[in-house]
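First the structure, in the form of structure tokens, and then the observations on it.
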Amino acid sequence: MAYRKENLRSVKQAYTEKRARALGLARARLTELHETYPEIREIDAALAKTGMKLVNAISAGAEGITERVAAIRKENEELQEARAEALRYYGLPSDYSDVRYECPDCEDSGYRGTEMCACMKRALSHLALESAGLAPLAKTQRFDTFSLTYYQGEDREVMRRHLEFSKRYASEFCEHSPSLLLVGKTGLGKTHLSTSIAVEVIEKGYDVVYVSAPTLFLALEAEKFGRDSELHIDEVERCELLILDDLGTENPSPLHVNFLYRLINSRTVSGRPTIINTNLAPREIKERYTDRVASRLLGEYLVLGFVGKDVRMQKIGT
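For this note's numbering, count along the sequence shown from 1 and bump the result up by 118.
Dropping the structure here:
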């Protein structure tokens with residue numbers, strides 16, 4: 119498991135700039151403070167000397183060291199009190215010249231010791247969601263927003279099992295997780311659950327590509343004919359989790375069918391999990407994409423059949 123290199127590089131650069139900006143603003147405030155209030159400048163100069171005084175006191179030998187250190191500490195405390203009093207007198211906050219980090223835990227470095235800070239993990243997750251094209255969907259399509267109230271009777275129990283399975287799949291996701299085929303008519307929650315899985319897997323630090331079948335095949339054609347495309351086929355082939363949405367909504371050509379088989383086969387052989395959503399029934403998959411593709415999908419993927427009535431239509435009251 120690893121964050122996408124370009125995302126990690128981008129976030130680290132952003133943190134370097136953020137930390138430098140915080141330090142620069144603090145220096146600017148301190149300079150302004152010293153230029154405006156000479157009294158505070160003199161106190162700060164005296165405070166700066168106490169550090170060297172402490173070093174000299176310790177170097178002077180063991181005899182009388184306790185008294186010497188205590189005297190320097192007392193001097194430092196008195197200077198700190200004088201500084202605080204001066205700031206109050208001039209109506210300034212006590213931390214006016216302090217460095218103001220966005221994250222005090224890591225001081226905008228992104229790391230707490232050798233461990234990545236939670237704030238940097240959030241930044242990487244947000245960037246990964248954007249890279250995967252999921253940032254808008256992630257705001258509304260998560261596990262806690264998937265409602266079973268739109269499913270009735272036995273359909274609700276089926277969908278409850280699918281929901282619980284999807285939660286486990288996301289929480290336990292690893293490079294050996296199985297591939298999934300989500301099958302069912304439009305509006306039954308396939309995109310919602312696959313998006314929910316993608317969001318949680320991304321937040322765990324895995325590299326996820328979420329793409330619709332029409333967009334994928336357009337990118338394939340662009341690459342074949344030397345045109346620019348935001349989606350690179352090698353990313354689709356190598357990512358740790360590929361989620362292919364809306365398979366069957368495109369108009370497949372022999373090029374598309376051959377590529378789809380090679381993609382499914384190569385990811386299966388290399389053990390890279392894939393989740394595919396489709397409105398097509400098994401028979402339609404075979405008719406549209408050949409026996410080879412159908413055999414891979416229906417024989418080697420875990421198939422989840424989505425049932426019920428179109429949730430989107432229910433929400434708008436039709």
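Cβ coordinates follow ideal geometry from the N, Cα and C atoms, glycine included. The structure presented is a predicted model; accordingly, all values stated were derived computationally and were not measured.
{"Asked": "Whether Leu252 touches Ala316 by CB criterion (8 angstroms)", "Found": "yes"}
{"Asked": "Range of the contiguous alpha helix (DSSP H) that encloses Ser388", "Found": "372-388"}
{"Asked": "Given Arg430 as reference, the closest of Gly209, His374, Gly307, Asn395 once Cα atoms are compared", "Found": "Gly307"}
{"Asked": "Cβ pair count under 8 angstroms reaching 3, the segment 229-245 against the segment 136-143", "Found": "no"}
{"Asked": "The segment 377-384 / the segment 276-295 touching (three or more Cβ pairs under 8 angstroms)", "Found": "no"}
{"Asked": "Completely contained alpha helix (DSSP H) runs for the segment 286-331, where each covers 4 or more residues", "Found": "308-321"}
{"Asked": "Beta-carbon gap between Val425 and Asp226 smaller than 8 angstroms", "Found": "no"}
{"Asked": "Nearest neighbour of Asp428, chosen from Ile320, Leu359, Arg414, Tyr269 [CA to CA]", "Found": "Tyr269"}
{"Asked": "Beta-carbon gap between Ala164 and Leu210 smaller than 8 angstroms", "Found": "no"}
{"Asked": "Whole-angstrom distance between Asn125 and Leu242, CA atom to CA atom", "Found": "7 angstroms"}
{"Asked": "Simplified DSSP assignment, three categories, for Glu233", "Found": "strand"}
{"Asked": "Gly417 - containing alpha helix (DSSP H), residue span", "Found": "400-418"}
{"Asked": "The segment 287-306 contacting the segment 381-395, beta-carbon criterion three pairs below 8 angstroms", "Found": "yes"}
{"Asked": "Glu368 versus Lys404: straight-line alpha-carbon distance, rounded", "Found": "15 angstroms"}
{"Asked": "Exposure of Asp223, with buried meaning 16 or more beta-carbon neighbours within 10 Å", "Found": "exposed"}
{"Asked": "Sequence-distant residues of the same chain with beta carbon closer than 7 angstroms to Ala438, five excluded per side", "Found": "Nothing can be reported for residue 438, as the shown portion of the chain is limited to 119 through 436."}
{"Asked": "Contact set for Gly423: own chain, Cβ-Cβ below 7 angstroms, skip 5 residues either direction", "Found": "Val301, Gly302"}
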